[in-house]
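**Q** Protein chains in written order, with the numbering used here: chain D, 100 to 264; chain G, 473 to 809; chain E, 18 to 117.
To start, I am sharing the structure in question, which I have written as structure tokens.
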Amino acid sequence: MIQILFFFFAALAVGAAINVLVQKHVLYSSLSLIVMLTAVSALFILLQAEFLAVINVIVYAGAIMVLFVFVIMLLNIPADPSGEDGSDRLRWLKLIGIPLGIFLLLMVGATVWNVSNSTNATQMTGTAQAIGQSLFTDYLLPFELTSLLILIALMGAVVFAKKDL
Amino acid sequence: MIEYLTNRDFLILMAKMFSIFGGVMTALAYTTLMERRVMAFVQMRPGPNRVGPMGLLQPLADGLKFLFKEQVVPTNANVLLYYAAPIVSLVPALLSFSVIPFGPDLKMSDISVSLLFVFAITSLGVYGIVLGGWASNSKYPLMGAMRAAAQMLSYELSLTLSVVGVLMIAHTLSLAELVTSQQGTWFGFIPRWNIFLQPVAFLVYVVSAVAETNRLPFDLAESEQELVAGWHTEYSGMKFAMFFLAEYANMVTVSCLATILFLGGWNGPSFGPWWLQMALPTVWFISKIFCFIFAYIMVRATVPRIRYDQLMQFGWKILLPLAVANILITSLVVALS
Amino acid sequence: MIPLHWYLILAAVLFLLGTLGFFLKRNIITLLLSVEIMLNAVNLTFVAFSSQRGLISGQIFVFFVLVVAAAEAAVGLALVIAMFRNRESLNVDRSNLLKW
């Protein structure tokens with residue numbers, strides 16, 4: 100049963116990721132990315148990381164992607180005319196790059212195939228308690244630094260998007 | 473597979489699901505009637521009372537009307553997104569009911585992060601509005617959609633931050649456990665509800681919830697006097713009915729959350745024979761939700777609309793610092809006791 | 018029970034798709050979306066290992082990756098807005114004023 104779920108969400112994630120790259124209009128790509136994010140969140144739940152799954156949906160699919168969709172709608176971006184993407188250099192790149200990429204994937208696959216699936220350790224749960232305890236004791240400094248990082252990103256985004264500096 | 477389907481627990485779960493879902497859908501239909509009647513009484517007119525006794529069959533008539541209306545699609549509308557937007561709006565609105573405990577055993581599922589699940593699902597509902605407005609290819613829906621989405625995003629922050637105080641007191645994210653943590657009484661007669669411990673958070677939550685669901689006084693995004701109907705201007709028939717249902721479902725969801733977080737959920741005095749005791753928690757829960765929905769409707773009938781820039785200012789400069797201050801003070805009190 | 022390498026291979030496939038998108042597409046917003054795909058693939062790897070080893074630090078790191086992705090998306094989109102205002106085009110090939 101769990102394997103059916105895994106295959107379903109894995110196929111959904113990969114299909115949505117391919118759709119992100121294949122679509123001409125950027126808005127459809129963002130919407131496919133939202134589908135991929137929810138599929139990956141479902142995979143997180145299968146891995147018993149339910150807190151991270153929900154946080155993934157709230158932060159990524161519910162906030163970052165809304166930002167993307169807003170920018171696309173406000174800038175009124177037209178669909179990508181196919182002429183822009185089909186230059187000669189690009190065609191050679193695709194011809195060489197995609198097989199090379201698949202070769203890389205096969206190498207990675209061969210390496211991880213033998214990763215020992217040693218016991219699923221102690222019944223570690225991805226609950227908020229476990230994450231919170233670790234985050235606020237061992238990783239307190241990085242946590243405070245991320246708040247600084249977000250403040251800087253906020254200021255940077257406001258300054259860059261202003262019409263007249 | 474067959475024995476999985478006829479397993480006793482599975483059948484009980486199916487029965488719970490169908491009863492909760494059926495109850496919720498009926499409640500949504502009758503909330504529309506309740507809104508029209510209450511607003512009408514506030515305005516000293518009777519409201520719909522022709523169809524059936526006291527107008528009780530009005531939702532049925534409304535549903536039939538929506539089914540048979542002509543579906544008009546605007547020119548150059550983005551057809552795929554135009555048809556998908558009501559679905560994207562309705563599905564998250566209904567999905568949040570799957571984790572709400574209507575009684576000690578009457579819940580569809582109990583996950584350890586159910587409160588965050590409801591917030592995650594609500595934040596996905598923004599897409600229905602944005603896509604609906606954009607796909608209609610017309611200026612009023614687009615403006616309404618952008619305003620509504622910006623407003624929902626801003627008030628989501630104060631909504632989620634206002635409940636952190638409650639979480640610090642209850643030490644859990646699960647809605648079922650939040651309810652059980654409010655059992656019992658102080659001094660024998662004051663129920664152990666979180667509203668007495670977190671009054672500021674309650675006020676912030678209620679105001680943010682009204683803004684989050686795009687209801688008056690925060691409904692500039694769909695104001696009838698200015699934007700025709702906001703993001704659902706170009707929608708007719710069943711698609712409009714889905715948007716409509718989604719809005720009421722959101723309203724009922726935030727009312728359910730408010731009762732669970734602040735008013736003790738299904739807790740209440742228990743008395744009578746065994747069958748009454750089984751039904752009483754659900755009765756208490758539904759009556760508390762009813763109070764919230766009634767308050768929603770009364771506020772809609774009495775309060776004027778807030779201008780958009782005042783709305784954004786209020787959300788970012790007043791509610792958000794208030795919610796954060798509440799977190800600070802609550803954490804100080806919890807840490808020092 | 019799902020073996021660990023299934024998750025790792027899925028994450029590798031997603032990372033590959035993100036990389037291919039990043040190298041082969043010209044629209045700058047699609048480039049940003051490909052970066053998000055890559056970050057998600059990395060998140061999946063972290064969570065898979067954290068679940069297999071029983072350590073919580075994998076999930077903590079996902080937390081930080083999420084924060085960095087949010088910050089980067091915000092600043093990246095602000096830059097896209099500024100770029101679009103000046104050039105009326107989102108093609109990265111057009112932004113080559115510094116080329117020799």
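C-beta atoms are modelled at their ideal positions from N, C-alpha and C, and glycine is treated no differently.
Taking only beta carbons into account, state which residues of the stretch 35-58 of chain E come closer than 8 Å to chain D, listed in chain order.
**A** Against chain D - using a Cβ distance shorter than 8 Å - the residues of the stretch 35-58 of chain E are Gly35, Thr36, Leu37, Gly38, Phe40, Leu41, Lys42, Arg43, Asn44, Ile46, Thr47, Leu49, Leu50, Ser51, Glu53, Ile54, Asn57.
**Q** Just how far apart, CA to CA, sit Met489/G and Val158/D?
**A** Locating residue 489/G in the second sequence gives position 17, counting from the first residue. Locating residue 158/D in the first sequence gives position 59, counting from the first residue. Whole-angstrom Cα-Cα distance: 29 Å.
**Q** Report, in whole angstroms, the separation of the C-beta atoms of Phe39/E and Pro241/D, which I expect to be a contact under 8 Å.
**A** Counting from 1 along the third sequence, the entry for residue 39/E is found at position 22. Counting from 1 along the first sequence, the entry for residue 241/D is found at position 142. 27 Å between Cβ atoms; not a contact.
**Q** Quick one: what does DSSP say Thr547/G is sitting in, helix, strand or coil?
**A** The residue labelled residue 547/G in the question sits at position 75 within the second sequence. It is coil, neither helix nor strand.
**Q** Kindly provide the ranges of any alpha helix (DSSP H) runs that are 4 or more residues long and lie completely inside the stretch 128-192 of chain D, ordered along the chain.
**A** Runs of the alpha helix (DSSP H) inside the stretch 128-192 of chain D: 149-155, 164-174, 181-184.
**Q** Where DSSP assigns a beta bridge to Thr657/G, which residues make up the other side?
**A** As a position in the second sequence, residue 657/G is number 185, starting the count at 1. DSSP lists Pro663/G as partners of Thr657/G.
**Q** For the alpha helix (DSSP H) containing Pro241/D, name the first residue and the last one.
**A** Residue numbering aside, residue 241/D sits at position 142 when the first sequence is read from its first letter. Pro241/D -> alpha helix (DSSP H) spans 239-260.
**Q** Between Pro741/G, Ala549/G, Thr503/G, which lies nearest to Gly660/G when the distance is taken from Cα to Cα?
**A** Counting from one through the second sequence, the residue named residue 660/G turns up at place 188. Out of Pro741/G, Ala549/G, Thr503/G, Pro741/G has the C-alpha closest to the C-alpha of Gly660/G.
**Q** Going by the beta-carbon positions, is the gap between Glu684/G and Met624/G smaller than 7 Å?
**A** For the purposes of this step, residue 684/G is identified with residue 212 of the second sequence, where counting begins at 1. For the purposes of this step, residue 624/G is identified with residue 152 of the second sequence, where counting begins at 1. A contact, by the Cβ cut-off of 7 Å.
**Q** Mark Gln515/G as exposed unless 16 or more other C-beta atoms lie within 10 angstroms of its C-beta, in which case mark it buried.
**A** For the purposes of this step, residue 515/G is taken as the residue at position 43 of the second sequence. Exposed, because fewer than 16 other Cβ atoms sit within 10 Å of the Cβ of Gln515/G.
**Q** In the structure shown, what three-state DSSP assignment does Asn521/G receive?
**A** For the purposes of this step, residue 521/G is taken as residue 49 along the second sequence, with counting starting at 1. Note: Asn521/G maps to coil in three-state DSSP.
**Q** For the alpha helix (DSSP H) containing Trp788/G, name the first residue and the last one.
**A** Residue mapping note: residue 788/G aligns to position 316 of the second sequence, counting from 1. First-last for Trp788/G: undefined, no H or E at that position.
**Q** I'd like to know whether the C-beta atoms of Asn521/G and Gln655/G end up nearer to each other than 7 Å.
**A** As a first step, residue 521/G is located in the second sequence; it is residue number 49 there, counting from the start. As a first step, residue 655/G is located in the second sequence; it is residue number 183 there, counting from the start. Result no, Cβ atoms of Asn521/G and Gln655/G do not sit closer than 7 Å.
**Q** Using only the alpha-carbon positions, how far apart do Leu151/D and Gly71/E sit?
**A** On the first sequence, position 52 is the one that residue 151/D refers to. On the third sequence, position 54 is the one that residue 71/E refers to. For Leu151/D and Gly71/E, the distance between alpha carbons rounds to 15 Å.
**Q** Can you list, in chain order, the residues of the stretch 158-182 of chain D whose Cβ is nearer than 8 Å to any Cβ on chain G?
**A** Correct list: Ala160, Gly161, Ala162, Val165, Val168, Phe169, Met172, Leu173.
**Q** Find the residues of chain C that neighbour Ile249/D, judging by a C-beta separation of less than 9 Å, and give them in chain order.
**A** The structure shown contains no chain C; its protein chains are D, G and E.
**Q** On the three-state DSSP scale, how would you describe Asn739/G?
**A** Counted from its first residue, the second sequence places residue 739/G at position 267. Reduced to three states, the DSSP call for Asn739/G is coil.
**Q** For Leu136/D, collect the residues of the same chain with a Cβ closer than 8 Å to its Cβ; drop the 5 residues on either side in sequence, then sort them by chain order.
**A** For this step, residue 136/D is matched to residue 37 along the first sequence. The residues are Asn155, Val156, Tyr159, Ala160, Met164.
**Q** Identify the residues that DSSP records as bridge partners of Asn44/E: which are they?
**A** Here residue 44/E corresponds to residue number 27 of the third sequence, with the count starting at 1. Asn108/E.
**Q** Between the Cα of Pro753/G and those of Val771/G, Pro663/G, Asp577/G, Val560/G, spot the shortest distance and give me the residue it belongs to.
**A** Locating residue 753/G in the second sequence gives position 281, where the first residue counts as 1. Measuring from the Cα of Pro753/G, the nearest candidate turns out to be Asp577/G.
**Q** Measure the alpha-carbon distance for Thr815/G versus Leu631/G and round it to whole angstroms.
**A** Within the shown structure, residues of chain G are numbered from 473 to 809, placing residue 815/G beyond reach of any answer.
**Q** At a Cβ cut of 9 Å, what residues of the stretch 226-242 of chain D count as close to chain G, listed as they run along the chain?
**A** Residues passing the 9 Å Cβ filter: Thr226, Ala227, Gln228.
**Q** Is the stretch 95-103 of chain E close to the stretch 53-71 of chain E, with three or more CB pairs under 8 Å?
**A** At 8 Å Cβ cutoff, the stretches do not touch.
**Q** Here's the rule I'm using: 16 or more other beta-carbon atoms within 10 Å means buried, otherwise exposed. How should Pro198/D be labelled?
**A** Mapped onto the first sequence, residue 198/D falls at position 99. With fewer than 16 Cβ atoms within 10 Å of its Cβ, Pro198/D is classed as exposed.
**Q** At 9 Å on the CB atoms, spell out the chain D contacts of Val109/E, in chain order.
**A** Looking up residue 109/E in the third sequence gives position 92. Neighbours of Val109/E on chain D: none; closest Cβ ~10 Å, over 9 Å.
**Q** Please list, in chain order, the chain D residues whose beta carbon lies closer than 8 Å to that of Leu808/G.
**A** Walking along the second sequence from the start, residue 808/G turns up at place 336. Chain D residues near Leu808/G: none, gap ~17 Å exceeds 8 Å.
**Q** Since Phe150/D meets chain G, which of its residues come closer than 9 Å, beta carbon to beta carbon?
**A** Locating residue 150/D in the first sequence gives position 51, counting from the first residue. What Phe150/D touches in chain G: Ser584, Val585, Leu588, Leu645.
**Q** When you compare only the Cα positions, how much space is there between Leu247/D and Leu83/E?
**A** As a first step, residue 247/D must be located in the first sequence, where it is residue number 148. As a first step, residue 83/E must be located in the third sequence, where it is residue number 66. Taking the straight line from one Cα to the other gives about 15 Å.
**Q** For Asn722/G, does the count of other Cβ atoms within 10 angstroms reach 16, so buried, or fall short, so exposed?
**A** Indexing the second sequence from 1 puts residue 722/G at position 250. Counting Cβ neighbours within 10 Å, Asn722/G comes out buried, since at least 16 surround it.
**Q** Going by alpha carbons, who is nearest to Gln749/G out of Tyr554/G, Ser491/G, Gly575/G?
**A** Stepping through the second sequence from its first residue, residue 749/G is reached at position 277. Checking every option, the nearest Cα to that of Gln749/G belongs to Gly575/G.
**Q** Do Val30/E and Asn60/E have their C-beta atoms closer together than 7 Å?
**A** One-based indexing of the third sequence puts residue 30/E at position 13. One-based indexing of the third sequence puts residue 60/E at position 43. No, they are not a contact pair.
**Q** Using the three-state DSSP reduction, which class does His22/E fall into: helix, strand or coil?
**A** Here residue 22/E refers to the residue found at position 5 when the third sequence is read from its first residue. It is helical.
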